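Residue numbers (numbering that gives the first Met the number 0), protein chains in the order written: chain A, 0 to 661; chain B, 0 to 325.
Encoded as C-alpha cells, the structure appears first; notes follow it.
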Amino acid sequence: MDHGTDEIRDHRADEPGTRMTPTRRVTSRRRFLAAGVAGFSAALLAACSQPPAPAKPAEAAKPAEAAKPAEAAKPAVTAPAQQPAEAAKPAAPAQQAPAQPVAAGQVATIPRNRTLIPAGLGGEHPGGFTDIDNFNQYLPGLSRSGYTQAGTEGLFYYAPLNNEFKPWLAEGYQFGNDFTELTLKLRKGPAWSDGTPFTAKDVVFTFEMLANEPTLLNGADVKRQVKSMQMIDEQTVNFTLNFKNPRFVFDLLTFRADVALPIAPEHVWKGQDPKSFKNYDPSKGWPLTTGPYKLVATNVEQKLWDRRDDWWGSKTGFSPPPKVERLIFLPGMNEITMAQKMIANEIDMAFSFTPGNMRAVQQQNKKIITHSDQPPYGFMDWWPIALGFNNSEKPFDDPEIRWAISYAINRDQIIKFAFQGFNQVSALPYPDFAGLRPYMDAAKPLLEKYDTLAYDLKKTDEIMTRKGYKKDAQGMWTGSDGNKVSIPIITFPQHPSTTPQAPVVTEQLRQAGFDATFQLPADYGARIRTGEAKAYLYGHGGSMREPFSTWDRLYHMRHVKPTGTDNNGQNIYRWSNKPFSDIVDQMGQMAEDDPKLMDLWLKSLEIWLPELPDVQLVHTVIPVPMNTTYWTNWPSAKDPYVHEGFWHRNALHMILKLQPVS
Amino acid sequence: MVLRASDVSSAAPGRDSGGGVPPPVDGPVGGERPAVWAHREPRLRVTLLYLRRNPRLVAGLTILLGLVLFWQVGSWLMDTNARSRPLSAPPDMEPSAEYWLGTDTAGRELLPVLIQATPRAFEVGLLAGFVGLMIGTILGFTAGYFGGTTDTLIGGLADTLLPIPALAVLVVIASTIKTTLTVEIMAFIVASLAWMTPTRTIRAQVLTMRERAYVEIARLSGASAFQIIFRELLPNLLPYLAASFVSAVGAAVLASLGLEALGLGPQNEPTLGMTIFWSIYYGALLRGMWWWWGGPLVVIVLLFTGLFLVAAGLDEIANPRVRRAV
Numbered sequence: 000m001d002h003g004t005d006e007i008r009d010h011r012a013d014e015p016g017t018r019m020t021p022t023r024r025v026t027s028r029r030r031f032l033a034a035g036v037a038g039f040s041a042a043l044l045a046a047c048s049q050p051p052a053p054a055k056p057a058e059a060a061k062p063a064e065a066a067k068p069a070e071a072a073k074p075a076v077t078a079p080a081q082q083p084a085e086a087a088k089p090a091a092p093a094q095q096a097p098a099q100p101v102a103a104g105q106v107a108t109i110p111r112n113r114t115l116i117p118a119g120l121g122g123e124h125p126g127g128f129t130d131i132d133n134f135n136q137y138l139p140g141l142s143r144s145g146y147t148q149a150g151t152e153g154l155f156y157y158a159p160l161n162n163e164f165k166p167w168l169a170e171g172y173q174f175g176n177d178f179t180e181l182t183l184k185l186r187k188g189p190a191w192s193d194g195t196p197f198t199a200k201d202v203v204f205t206f207e208m209l210a211n212e213p214t215l216l217n218g219a220d221v222k223r224q225v226k227s228m229q230m231i232d233e234q235t236v237n238f239t240l241n242f243k244n245p246r247f248v249f250d251l252l253t254f255r256a257d258v259a260l261p262i263a264p265e266h267v268w269k270g271q272d273p274k275s276f277k278n279y280d281p282s283k284g285w286p287l288t289t290g291p292y293k294l295v296a297t298n299v300e301q302k303l304w305d306r307r308d309d310w311w312g313s314k315t316g317f318s319p320p321p322k323v324e325r326l327i328f329l330p331g332m333n334e335i336t337m338a339q340k341m342i343a344n345e346i347d348m349a350f351s352f353t354p355g356n357m358r359a360v361q362q363q364n365k366k367i368i369t370h371s372d373q374p375p376y377g378f379m380d381w382w383p384i385a386l387g388f389n390n391s392e393k394p395f396d397d398p399e400i401r402w403a404i405s406y407a408i409n410r411d412q413i414i415k416f417a418f419q420g421f422n423q424v425s426a427l428p429y430p431d432f433a434g435l436r437p438y439m440d441a442a443k444p445l446l447e448k449y450d451t452l453a454y455d456l457k458k459t460d461e462i463m464t465r466k467g468y469k470k471d472a473q474g475m476w477t478g479s480d481g482n483k484v485s486i487p488i489i490t491f492p493q494h495p496s497t498t499p500q501a502p503v504v505t506e507q508l509r510q511a512g513f514d515a516t517f518q519l520p521a522d523y524g525a526r527i528r529t530g531e532a533k534a535y536l537y538g539h540g541g542s543m544r545e546p547f548s549t550w551d552r553l554y555h556m557r558h559v560k561p562t563g564t565d566n567n568g569q570n571i572y573r574w575s576n577k578p579f580s581d582i583v584d585q586m587g588q589m590a591e592d593d594p595k596l597m598d599l600w601l602k603s604l605e606i607w608l609p610e611l612p613d614v615q616l617v618h619t620v621i622p623v624p625m626n627t628t629y630w631t632n633w634p635s636a637k638d639p640y641v642h643e644g645f646w647h648r649n650a651l652h653m654i655l656k657l658q659p660v661s
Numbered sequence: 000m001v002l003r004a005s006d007v008s009s010a011a012p013g014r015d016s017g018g019g020v021p022p023p024v025d026g027p028v029g030g031e032r033p034a035v036w037a038h039r040e041p042r043l044r045v046t047l048l049y050l051r052r053n054p055r056l057v058a059g060l061t062i063l064l065g066l067v068l069f070w071q072v073g074s075w076l077m078d079t080n081a082r083s084r085p086l087s088a089p090p091d092m093e094p095s096a097e098y099w100l101g102t103d104t105a106g107r108e109l110l111p112v113l114i115q116a117t118p119r120a121f122e123v124g125l126l127a128g129f130v131g132l133m134i135g136t137i138l139g140f141t142a143g144y145f146g147g148t149t150d151t152l153i154g155g156l157a158d159t160l161l162p163i164p165a166l167a168v169l170v171v172i173a174s175t176i177k178t179t180l181t182v183e184i185m186a187f188i189v190a191s192l193a194w195m196t197p198t199r200t201i202r203a204q205v206l207t208m209r210e211r212a213y214v215e216i217a218r219l220s221g222a223s224a225f226q227i228i229f230r231e232l233l234p235n236l237l238p239y240l241a242a243s244f245v246s247a248v249g250a251a252v253l254a255s256l257g258l259e260a261l262g263l264g265p266q267n268e269p270t271l272g273m274t275i276f277w278s279i280y281y282g283a284l285l286r287g288m289w290w291w292w293g294g295p296l297v298v299i300v301l302l303f304t305g306l307f308l309v310a311a312g313l314d315e316i317a318n319p320r321v322r323r324a325v
C-alpha cells in the first residue's frame with residue numbers, strides 16, 4: 000500500500016461528510032480507536048472537573064437538560080451563590096443553567112439553596128417508594144412523600160405543641176341543634192392547580208364518595224357520622240349528623256399529624272372508581288393540588304414537588320408564598336445513611352435519629368440543630384409506644400396474662416438501653432400534650448391501683464402460676480398442653496422509637512419466662528392491621544387535646560374485625576368491650592369543654608385499666624435533625640410554631656415559614 | 000457381573016489433562032495396578048508429604064481450625080449464651096479487662112457474641128452449601144446423564160434463575176417469612192438459590208464423563224443408570240464436588256451475611272450479620288465504636304480467607320491443570 004496515498008486518504012477521512020472506504024480499513028480503525036480513547040479521556044476529564052453536584056436537584060434536572068440540546072449553546076450564568084439578589088436566579092456554580100419553564104414531563108433546574116430535601120419520611124417505604132404512580136389518598140399505605148403535606152391542604156389545621164387551631168381552606172363552622180347539624184363555611188379564593196375553583200361541590204362530592212365506600216380511609220367514619228349533606232352555595236355546606244357529634248370538625252376536618260380527610264376535586268374524581276383510581280396523569284396535571292406545590296417527578300428514589308406561582312394563598316394575600324421552590328422527598332432509609340447525607344449537607348432534615356447518632360452528626364456538622372439543645376432533644380410526638388397484642392387470640396385474650404407481661408417489663412431499662420436515657424415512660428396511651436394533662440392528672444389515683452408501669456416479676460410469677468403455667472427446666476412458662484407462652488413480636492425495620500426497643504423488650508420477657516422473639520419484617524403494617532401479628536411494638540395515634548379520640552379510634556369495639564381482615568389501623572388490638580365502648584360513645588356526644596367528660600374519662604379508665612388491652616411502655620420523642628446550611632427559621636422548643644415532623648400533614652406550615660440562608 | 004470403573008482405573012485421579020474433572024484412566028479390564036501402588040507408603044506419611052506440596056490447603060485448614068478453636072475454647076471459658084444476650088452488660092463499653100471486646104448499645108458483650116456467632120456462620124454455610132450442592136448434584140446428574148427433555152427443562156430452569164440477583168430474591172423470601180427466623184430456616188432460604196451453579200457445572204462434567212469408555216463398558220455390562228451414576232460417575236467426581244462444596248459454603252455464608260446485615264436474618268440468636276446490622280443501625284462507625292463492627296469483620300475475613308484457601312487447595316487435587324510442579 001502506498002503510504003503517501005494512505006495519509007492523504009486519512010486526512011480526507013477526517014473531513015466531514017467523507018466516507019471511509021474498505022481500502023483504508025486498517026488505518027481508520029487505528030484512528031478510530033485513537034479518537035475514541037481521546038474522546039473518552041476528554042469526557043472523563045470533563046466529568047471529573049465538574050463542580051460537586053448539589054445532591055439530588057441537579058441530578059433530577061439532568062434529563063430535562065439533555066432533552067434540550069439547543070440550550071447548551073446559551074451562556075451559563077456564573078454568578079456567585081451567596082448574593083441575596085440572586086435568590087430568584089440560579090446561582091450556585093453547580094446550578095449554572097438558568098431555570099427554564101417546565102414543559103410537560105420535564106424538570107426545571109432549581110438551585111440547591113432554594114430546595115428543601117427531607118429524607119426518611121416516617122420510616123415507611125424503606126429503600127424506595129412503591130407508590131410511584133398512585134396518589135389516591137383514600138387508600139391505606141400511601142407514602143407521606145409530599146402530597147399530604149405540600150399538595151393537599153386541610154380545611155382546618157391543629158398544631159398540638161402550641162395548641163393552635165387554624166382555619167385554612169375553610170373560614171369557619173357553626174354547630175346547630177345540639178351538635179347534630181353543622182354549617183361549614185369555605186374560604187373564597189382557593190383553587191385547584193388547573194384553575195378550577197375549590198368549592199362546596201368538592202366537599203360534598205368527597206363526603207358522598209367516602210360514605211359510599213366505607214373501605215376507604217375515613218369511609219367508615221363518614222358513613223357512621225354523616226346522615227346527609229347539602230350544598231347551600233359555593234362556599235357553604237350544611238351537614239346533618241347521625242348523632243350528637245361535637246368533635247366532627249376536629250376529628251374529620253382538621254389536619255393534624257396523619258389524620259383527617261382530604262378533599263378531592265370533584266371534576267377529576269367524578270365517575271372514577273375510588274378504590275382503584277390512581278389519581279396520577281402528568282399530561283393532565285394530576286394529582287391536582289390546592290397547596291402551593293405541584294408534582295413534577297416521581298420515581299422509586301424520590302418525589303419532587305415544585306412551587307406553584309399561581310397558588311391561591313399568595314394570589315389572594317392570605318399567605319406569603321413559600322421561599323422553598325422545590326421539595327424533594329426521599330424514602331425511608333437507615334439512620335447511618337441519613338446521618339452521612341446530613342453531614343454532607345445533601346439533605347436538610349431527616350427522620351428521627353437515635354441520641355448517639357444525633358451527637359455524632361452534630362459533632363461533624365455544626366450546622367445541624369434539633370428541637371432543643373437539652374435532653375430529650377426532640378419534640379413530643381402523639382405516638383406513645385406499647386407492646387400490643389391481637390387480643391382475639393390466645394393467650395392474649397386473657398387480661399391477666401397481659402398484666403403478667405406488663406409486670407415483666409422494666410421501662411427504665413428500656414430507656415437506658417434503647418434510648419440512652421433520652422425518653423420518658425408512658426403510663427397511658429396518651430402523649431404528654433398540654434391539653435391532655437388535666438386528664439392524666441385525674442387518672443393518677445387509678446394508676447396507683449393499676450400501676451401500668453410497675454416492674455414486678457413476683458406478680459408475673461404469681462399470675463402465671465395461678466393460671467396453671469409452670470416453669471420448665473429452661474425457666475420458661477409452660478402450659479398444661481406442654482407449650483411455652485410464645486410472644487412473637489414484630490415492629491418496623493427502621494424506626495427510632497420502636498426498633499431499638501425490640502431486643503430489649505424481648506430479652507426482658509425471656510428473662511421473665513416468656514418465649515419471646517422478635518422480627519423486623521417489611522410488611523409489619525399489614526400484619527398488624529390484619530391481626531396476623533400476635534404481638535408488636537407500635538404507637539398510638541389518637542388524642543391531642545382531650546381523651547376521646549384515642550379511645551374511639553384505637554379501643555372501640557366497632558372496629559374489631561376477624562383476624563385476617565384489614566381494619567385500616569383502627570383498634571389494632573382487636574379488643575372488644577361493650578361497656579367501655581358505650582362510655583366512649585357517650586363521651587363522643589359531649590363537647591370538649593363539658594365538665595361531665597372528666598367523669599366519663601375516669602369511668603372508662605376503670606374498665607380499661609384492669610383489662611389493659613396493650614402494655615404501655617414509653618413516649619415517642621422525635622429528634623429531627625435540621626440543617627441550617629441552606630434554611631433557617633426551623634421550629635424549636637423556643638418557637639414551636641408547628642412540630643417539625645415533615646411526614647405529617649402540618650408540615651406545610653413549617654415549609655411556609657422557612658427562610659433561605661442566602 | 001458389573002464391572003466398576005474403579006476396578007479398571009487408577010485410584011489416582013486426574014492423571015490425564017482432560018479438564019477439570021479427574022478422569023479415570025481407560026486401562027485394560029482387570030489390568031494390574033501400576034507399580035507405584037505395590038509399595039504403598041504409610042498413609043499418614045503420604046498425606047503429610049502431599050500437604051507439604053499444597054500449602055494453601057494447609058493454611059486454609061489452619062485458619063478454619065483456629066476459628067473452631069476460638070469458639071470451642073471460648074464456650075468452655077465463659078457462659079457465652081447468657082453474656083451474648085441484650086441487657087447482659089452496661090451499654091457502649093469500650094474493650095477493657097472486664098469486657099474484652101467491649102459491649103454494644105443493647106448491652107450485649109461482644110466477645111461472647113462472636114463466640115456464639117462464629118459457629119452459626121459455619122452452620123448456615125455448611126447446611127446451605129450442602130443442601131444447595133445436593134440439589135445441584137442430583138439435578139446436574141439427571142440433566143447430564145439422561146439428556147433430552149429432562150436436560151432442557153433442568154438446564155432451562157437453572158439458566159433462567161442464574162442471572163437473577165440472588166440477594167434480591169433472598170430478601171423477598173426472607174421478608175415474607177411469617178415465622179420467627181432461625182439459623183436453620185435461614186440456611187434453607189439461602190440454599191433455595193444455591194443450586195443453579197452446581198447444577199450447571201456438574202451437568203457439564205457428566206456430559207463429558209458419560210461418553211468415556213469405562214462408562215460405556217459398564218453400560219454394555221448391563222449396569223442400570225442408577226448404578227452407573229452412583230458407582231461409576233459419582234466416585235470420580237468426588238474431589239470436584241469437595242472443592243465445589245467449599246465454594247458453596249463460602250457463597251452461602253456470604254448470602255446469609257447479606258441478609259442478616261439487612262436485618263432480615265435471625266434476630267434472636269447472635270450472628271455476625273446481625274451484629275453488623277445493629278452496629279449500622281446505631282451508627283457505630285459514626286460514633287467511633289470500632290469494637291462493635293471490628294470483631295465480626297475480623298472473623299468474616301478469616302472465615303473467607305480460610306474457605307478460599309481450602310477451596311484452592313482442593314481444586315489443586317481435583318484439577319491437575321492448576322497443580323503446581325513438584
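C-beta: ideal position from N, C-alpha, C; glycine also.
Small disclaimer: the values here were computed from a predicted structure and weren't measured.
Taking the beta carbon of residue i as the centre, do at least 16 other beta carbons fall within 10 Å, making it buried, or is it exposed?
i                  : result
Cys-47 of chain A  : Unreliable placement is indicated for Cys-47 of chain A, whose pLDDT of 42 sits below 50; the coordinate value is still reported in the next sentence. Looking at its Cβ environment, which holds fewer than 16 other Cβ atoms inside 10 Å, Cys-47 of chain A is exposed.
Ala-224 of chain B : exposed
Asp-232 of chain A : exposed
Leu-76 of chain B  : exposed
Arg-320 of chain B : exposed
Ile-279 of chain B : buried
Gln-731 of chain A : Absent from the structure is residue 731 of chain A, since the part of chain A shown begins at 0 and ends at 661.
Ala-343 of chain A : exposed
Report yes if the CB atom of residue i is closer than 9 angstroms to the CB atom of residue j, and no otherwise.
i                  : j                  : result
Phe-517 of chain A : Gln-115 of chain B : no
Gly-644 of chain A : Phe-378 of chain A : yes
Arg-113 of chain A : Pro-659 of chain A : yes
Asp-565 of chain A : Ala-525 of chain A : yes
Ile-413 of chain A : Gln-507 of chain A : yes
Tyr-406 of chain A : Thr-459 of chain A : yes
Ile-335 of chain A : Asn-356 of chain A : yes
Trp-382 of chain A : Ile-462 of chain A : no
Find the residues of chain E that neighbour residue i, judging by a C-beta separation of less than 8 angstroms, and give them in chain order.
i                  : result
Leu-258 of chain B : Considering every chain present, this structure includes no chain E. Its protein chains are A and B.
Say the cut is 8 angstroms; is the CB of residue i nearer than that to a heavy atom of the ligand NAP?
i                  : result
Glu-545 of chain A : As far as ligands go, the structure on display features none, and thus does not contain the ligand NAP.
Between the options, which lies nearest to residue i when the distance is taken from Cα to Cα?
i                  : options                                       : result
Ile-131 of chain A : A:Arg-186, A:Ser-192, A:Ile-346 and A:Val-295 : A:Val-295
Arg-107 of chain B : A:Val-503, A:Asp-347, A:Glu-152 and A:Pro-159 : A:Val-503
Thr-288 of chain A : A:Leu-608, A:Val-267 and A:Gln-301            : A:Val-267
Gly-467 of chain A : A:Leu-456, A:Gln-473, A:Lys-457 and A:Ser-479 : A:Ser-479
Pro-197 of chain B : B:Gly-294, B:Gly-154, B:Thr-181 and B:Ala-81  : B:Gly-154
Pro-622 of chain A : A:Trp-310, A:Arg-358 and A:Tyr-640            : A:Arg-358
Report task. Tell me, please, whether the region 414-431 of chain A touches the region 444-454 of chain A by the rule of three or more beta-carbon pairs shorter than 8 angstroms. Result -> Yes, the region 414-431 of chain A touches the region 444-454 of chain A.
Query raised in the report: What residues in the region 331-352 of chain A have a beta carbon less than 7 angstroms from any beta carbon of chain B?
Result: Cβ contacts with chain B: Asn-333, Glu-334, Ile-335 and Ala-338.
Report task. Examine the Cβ distances between the region 364-377 of chain A and the region 135-144 of chain A and report whether three or more of them are shorter than 8 angstroms. Result -> A contact is defined here as three or more CB-CB pairs under 8 angstroms, and the region 364-377 of chain A fails this definition with respect to the region 135-144 of chain A.
Query raised in the report: Are the region 181-200 of chain B and the region 529-546 of chain A touching, with three or more C-beta to C-beta distances below 8 angstroms?
Result: Result no; under three Cβ-Cβ pairs closer than 8 angstroms.
Query raised in the report: When Cβ atoms are compared, which residues of the region 516-535 of chain A fall closer than 9 angstroms to chain B?
Result: Answer in chain order: Thr-516, Phe-517, Gln-518, Leu-519, Pro-520, Ala-521, Asp-522, Arg-526 and Glu-531.
**Report entry** Interface positions of the region 383-412 of chain A facing chain B (Cβ-Cβ less than 8 angstroms), listed along the chain
**Finding:** Answer in chain order: Gln-412.
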